[in-house]
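Okay, structure first, notes after.
Residue numbers (the numbering used here), protein chains in the order written: chain A, 9 to 359; chain L, 9 to 359; chain E, 9 to 359; chain F, 9 to 359; chain B, 9 to 359.
Given below as structure tokens:
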């Protein structure tokens, strides 16, 4: 399970000095480096660079996108971009809570790309460094979610070529946040499937297992969405020259999206809780009905069985045994008794 | 289901640049444009205008009301009124969380008109732009709720003709908020119907289904009312020359209404939760009573049936078989045993 | 039901312009006007005045107390005292959430007088206007709760004659808040009655109905008390020349009372929730005990009945049928079997 | 019940003017007055004083400790110390919510001494007035909890003789807060007793009653501790010359204690709620097991009893009746049937 | 139980003057004192010092680490370092809520080292004093968790030798916080074990006991983590010359860790609550299934047993007794009846 891997991880670092560069998660021997340099007028693109070959051009926007992590690699990146050791540690500890950190020359933003793999959620960490003229993005694993942005840059779609590095950062965070909507769709689909089957009789353990898994997924989503919202809020409030006023509007819009996502998780959570209660209510109703049948059958036939038993006794002297209408009378008696009992039960609304 | 349509929608836009103008929801080929221009003294009214024909008269209040959406149309409106791309995107994404956004020259306010269609809630988005001298309102679908305001403008009822565009905006939001009260009435009616039937015996699945649907409706209402309240609150606090001081009082009053609506949803929600608990308690009581009957019948007749069984055995040598009072004695014995058992049960309050 | 009348009411006004003077609730054709004018030294009292006869004497404190509402009457009052249309609308909409509103020349305070009528809560609205030198109080219905204040004014009891209009307002709000304590007493009494009967066996539907009604009452009280506390808090914070510093201490004390009332509703609510859970626990215990009895009786006698059945079969060749001690042996066997079973059950603590 | 006495009390005062001096609670005809006057160097102690004999010595710290209340007595105290009528009213209304009130010349602090009397909590009100050079403490009933402070003053233990009146006030509040720890011990003891018995079989109503009483006690404690914490917090924040900076550290420490007490009530409350849920879970498990036994016994023997019944019928022509191995075959058949059924049940994990 | 020892403890101090030095917990006769003095260039290490031998060297960072407590020892430490009596009292009361306190010359920080001893959590108190040039750490019991820091100091690993006393304090708090992650691992392991067994049939009391213990552990962890987070937050905000700006970044990072720990406790708590509900749901399902079997068996065979009983009666005149096909017909009748009943049940989905 991906989730537990993350959380076991921090404990491996207990006792190490703060800022120790130990990778938590899977190691990539050769991380790939891609460099995009663009202005409104021009764009260039290099891939499979070495760290030494990265050159920041102060005239254009530089986007350095790294895929894969290993500790010595991240240390060299830290030296190259002058990053604080704590940031490097955070980049390597791939179980971070989404957050934003402001330093003198750059802003660090970390969040998680969440995807369904079958019915299970997996999440990978993506770190962003926004410096003057550049954005450095470091993804734990290869992911397709940034492909549309590459397309926009290379083909001059959208506003990204007309703006600075801060807008690029916004765009990158935006696609990660948008990605949550895809997870929400899947959750909604699963909820509707449950909804359709809740009134069917003979639901069993599998229904409960579905509910439990769905709750686990939502808990996981919530754990990622809420701190992302907090981080975006903090990012919007930062007073920093790295973010120009124009980008504020976009960040506010991004915040609205994270807020809506949070609303959705809560409303889905309420819905699922109602499912469980509904399931229990239906089960109780069903148990009640079954016991009712048992009681009706039992309380009619058990007394009758007693009566026939009485006339099954082998006493020599029993009234009516040799009477011609004895049998018929006993049958009549029994019919009478059962009618009386049914009347009593119906009157008292017991049954 | 309307609700799911909305929420699936955002995911269609994943990967598109921010500000992309893609309609989420149903497309209207020819949206209608109505233009009302009024001052205290005069009023004029035009309909089925083209965008090019809209002329803002700075001397009067201009209300441009648009019904229906398509993306190229909204783009032209954006050019005409100088609106930010993010706003146009929000207008087209008809699953917005109610909110207010302030720009330099105008204020954007979006909320939802909620109505019961049968027992299901449907909600349509309405966007408002308040600029200098004008209000632009864009409704996703044709709706009758603005008819009273048209009437007030044309026939000089109420205060709307005596005030500026900000008061018109307030009036428009006010009718949308007032509309929630109608939904609340319907909810209240459904609650009272449930209340009347909760003590009836033999409630079944249908009762649970009613409760579930009612909860879903309330969740839906709450999801619209809470952010509306937040948006009205923010609108009241905005320091903008577009809203004159006199209108503040009305916005405060509007805020009180949204607050009261929120109170109502919470109090209804509590009531419904109590219904479900009541239902379960009644069911448990009923099950208890049925089992009690089963136990009384069983524990009296099962031992008796055993006794008669004993004398039904075919042993040759059994005491009393040939005794003249054997049968009568056995009956007396059985009556005695059952009386003893009833006494024991009653004493221990078991039954 | 009074409550639903109030809430249905607002929807009648949907579509009317803000500030429309439409009475929600019962109309009184001739509201009564009482005028009390007093200073430390003198007091005068007039009743059944017409609106035209009301004269505010700037040298003394003027208390105009109006009982009953109709819309044209309130409109005239509005003209007389120069009140904003929104205030007049609030006075007429007798389902207001308690609140305070500050205007340039006066303060509007609205809250509700809550009383038990039998076991049901009814609430009437009272509005207060505090202006310079005067308090205008408008009660929806005739109520005795202001009688003690009249007594204090006429007979110079307490501090009311020694203070200004702001203190009079405080005194009026104070008696309304004090009135909640009477409701709390009734709730407490009902709770103690429930408490006394919760351990009694054979509780039934009526117990659940009592709990449900009590919860409804508490919900109702809470809905009135919480906004009252908020309004008193806001009143205390208002920076207005209409309230002198000396009165602040009294308002703080009033706030403490509303806070205590809120504490009480929450603690009562917790208690009632515990009652319901207790009821369910007791019911489960009882069901468990009944099933236990059923199981003991059944699992002892059903196997025995089988054994006697075996010897009731009519096979010609059955061992022991003609043996002299056959019957006795079978009885011994059965006693032995039942003892074994009882031992097994007791050992396993099943029974 | 002490608690209800308090709460009924306030309603007796409904309609009286604010500041009315009416004692709520038990009246003491002759309250005792003790006067302690001390400085670092000297100490004097007088008891059974009259009000007229109290003399505040501005050179030393004066502690006037009063035990018992009656309304005329409190009125005289009010005159003597120049106290506001609202304070006198609060002193006499012995059901106050703990709070602090600041006046020009003095600070009023009221809280409650809570003690277990058997398994029930009783609480008495203690009011403190901190003035320049003096502390006036007024206890509703005689209590031993201030004895250690008297000891410290007379025998110069601790820091109390080295400090001013504000430190004395802190010391007095401190012993009242410390007293809550004793209640917590008792609660903890009761919880551990419950914990020890929760896994025992055959728990019954008494267990539920213990839980209910414990919850009631905790609710009561919480109702006293939370406002005490708020009041201490407010006291620490007061900017008043009556409290010197040095005492702030002690008040902060006191606040930490009240915070810890609040944590304890919440953690105990969680624990008790878990108890109830555990109880219900155990009960359900037990019911399940009992029904399982019933089902096993019934579903094995009921079909067998039917089979023997078949051969108990008195038809003349039944196959095998006169066969030599008829009886043995039927027994074999029955054993076979029961083995089949057991296999079916075990396979399906039904039993 | 360690926990109860702590909490009983405070009540032993009731009535003692504030600042009384009474040890709560186990006494160590001879606490050990270790002194580490280091700068970037040099390091020295002394152990088993006497208090008199401690010399603070203003040129380097001094770390005095004390293990074990007794009251006279702590008093001497207080004199040596000029600590406030309240601090000494807190050091000795080993049941403190984690907190930070600022004094003029030093900062006091207290928190708890939590460890699993088997399945039970034990926690020991550690106090830190940060003064100019020195950190004084006082551990209640010997613990290995500071060993890595000693290693870093002596062997110049990490940043600790390059920084001042404030960084040392951060490092010490950091290892204590890191230690919580180890507890979380254990909790996670226990949760996964539970998860693996929840769907197994025949869960019993032991499952409930595991859940109860796990909840108790989480409650305990939460009680330590939440105030630790608050204290770290407060420490970061302190405006004090004792903490240099550079250390702020580390404290912010530490805060993120405590926040993540808090998130983890809440998410684990949710998971465990879901376990309990799942357990109850499964149990209800199982009970339902068992009752269903009982009902099917009973309602088929009880009527049949009645029918055979009828023909077991000893009446002389019964139709069909002497008919050749009487027996066969009765069997056919019974098969017919049971088929009818099964059809009825299946149709109604009762079974």
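Yeah, the Cβ is synthetic: ideal placement off N, Cα and C, and Gly gets one too.
Quick check: is the beta carbon of residue 285 of chain A nearer than 8 Å to any beta carbon in chain L?
Judged by the 8 Å Cβ criterion, residue 285 of chain A is in contact with chain L.
Quick one, which of A:70, A:348, A:336, A:26 has its alpha-carbon nearest residue 179 of chain B's?
Nearest C-alpha to residue 179 of chain B: A:26.
Looking only at DSSP bridge pairs, what is residue 73 of chain A linked to?
Answer by DSSP bridge pairing, in chain order: A:42, A:145.
Where are the alpha helix (DSSP H) runs, 4 residues long or more, that stay fully inside the stretch 147-217 of chain F, in chain order?
As far as the stretch 147-217 of chain F is concerned, its whole alpha helix (DSSP H) runs of at least 4 residues are 155-162, 173-205.
Taking the alpha carbon of residue 347 of chain A as the point to measure from, which residue in A:116, A:311, A:331 has its own alpha carbon closest?
Residue A:311 is the option with its Cα nearest to residue 347 of chain A.
Do the CB positions of residue 291 of chain E and residue 296 of chain L come within less than 8 Å of each other?
Cβ distance < 8 Å, so residue 291 of chain E and residue 296 of chain L count as in contact.
Compute the Euclidean distance between the alpha carbons of residue 62 of chain F and residue 86 of chain E, then round it to the nearest angstrom.
Between residue 62 of chain F and residue 86 of chain E, the C-alpha separation is close to 57 Å.
Leaving out five residues on either side along the sequence, give the residues of the same chain with a beta carbon under 6 Å from the beta carbon of residue 236 of chain F.
These residues qualify, in order along the chain: 106, 119, 266.
Taking CB distances under 8 Å as the criterion, tell me whether residue 270 of chain L reaches chain E.
Answer no: the Cβ-Cβ gap between residue 270 of chain L and chain E never drops below 8 Å.
With a threshold of 7 Å on Cβ separation, who are the neighbours of residue 375 of chain F within its own chain once the five nearest residues in sequence on each side are excluded?
Residue 375 of chain F falls outside the range modelled here, since chain F spans only 9 to 359, and no answer is possible.
Please go through the same chain and pick out, in chain order, the residues whose beta-carbon is closer than 6 Å to the beta-carbon of residue 334 of chain F, but skip the five residues on each side of it.
Contacts found: 328.
Would you verify that the beta carbon of residue 314 of chain F is, or is not, closer than 8 Å to some beta carbon of chain B?
Taking Cβ atoms only, chain B reaches closer than 8 Å to residue 314 of chain F, which makes this a yes.
On a CA-only basis, which of A:283, A:278, A:317, A:227 is nearest residue 276 of chain B? Give me that one, please.
Residue 276 of chain B has its Cα closest to that of A:227, out of A:283, A:278, A:317, A:227.
With DSSP collapsed to three states, give me the class of residue 333 of chain A.
DSSP places residue 333 of chain A in coil when its eight states are reduced to three.
Return helix, strand or coil for residue 84 of chain E, following the three-state DSSP convention.
Note: residue 84 of chain E maps to helix in three-state DSSP.
Whose Cβ in chain F lies nearer than 8 Å to the Cβ of residue 310 of chain B?
Those within 8 Å of residue 310 of chain B in chain F are 310.
Skipping 5 residues on each side, what residues in its chain have a beta carbon closer than 7 Å to that of residue 352 of chain L?
Answer for residue 352 of chain L: no residue qualifies.
For a contact defined as C-beta to C-beta under 8 Å, what are the partners of residue 342 of chain E on chain C?
Note that chain C does not occur in the displayed structure, where the protein chains are A, L, E, F and B.
Determine whether the Cβ of residue 267 of chain L lies closer than 8 Å to any Cβ atom of chain E.
Yes, residue 267 of chain L lies at the interface with chain E (some Cβ there is under 8 Å from its Cβ).
Where does residue 105 of chain B fall in DSSP's three states?
Of the three classes helix, strand and coil, the one that applies to residue 105 of chain B here is coil, per DSSP.
For the stretch 110-124 of chain F, which residues have a beta carbon sitting closer than 9 Å to at least one beta carbon of chain E?
Answer in chain order: 111.
Which complete alpha helix (DSSP H) runs does the stretch 213-282 of chain L hold, if anything under 4 residues is left out?
Counting only runs of 4 or more, we get 213-245.
Which word fits residue 197 of chain L, buried or exposed, when buried means at least 16 other C-beta atoms lie within 10 angstroms of its C-beta?
Result: exposed.
Mind checking the stretch 168-186 of chain B against chain A and listing, in chain order, the residues whose C-beta falls within less than 8 Å of any C-beta there?
Residues 168, 178, 179, 182, 183, 186.
Using DSSP with H/G/I as helix, E/B as strand and the rest coil, what is residue 21 of chain B?
Coil.
In its own chain, which residues sit with a C-beta less than 7 Å from the C-beta of residue 259 of chain B, not counting the 5 before and 5 after it?
Cβ neighbours of residue 259 of chain B beyond the five flanking positions: 178, 240, 243, 244.
Determine, using beta carbons only, whether residue 115 of chain E and residue 248 of chain E come nearer to each other than 8 Å.
It is a contact, given that the beta carbons lie within the stated cut-off.
CB-CB under 6 Å to residue 230 of chain B, same chain, minus the five flanking residues each way: which ones, in chain order?
Excluding sequence neighbours, residue 230 of chain B sits near 273.
Does the stretch 250-264 of chain A come within contact of the stretch 299-310 of chain B, defined as at least 3 CB pairs closer than 8 Å?
At 8 Å Cβ cutoff, the stretches do not touch.
Tell me, which residues are paired with residue 110 of chain E by DSSP?
Beta-bridge pairing links residue 110 of chain E to E:115.
Which same chain residues end up closer than 6 Å to residue 175 of chain B when comparing Cβ atoms and leaving out the 5 residues on each side of it in sequence?
Cβ neighbours of residue 175 of chain B beyond the five flanking positions: 255.
Could you list which residues in chain B have their beta carbon closer than 8 Å to that of residue 227 of chain F, in chain order?
None at all; the shortest Cβ gap to chain B is about 19 Å.
On the DSSP letters alone, give me the boundaries of the beta strand (DSSP E) that residue 132 of chain L sits inside.
Where residue 132 of chain L is concerned, the enclosing beta strand (DSSP E) stretches over 128-138.
Three-state secondary structure (DSSP) at residue 53 of chain A?
Note: residue 53 of chain A maps to strand in three-state DSSP.
Leaving out five residues on either side along the sequence, give the residues of the same chain with a beta carbon under 6 Å from the beta carbon of residue 52 of chain B.
45.
If you reduce the DSSP assignment to three classes, tell me which class residue 344 of chain A lands in.
Residue 344 of chain A: helix per DSSP, three-state reduction.
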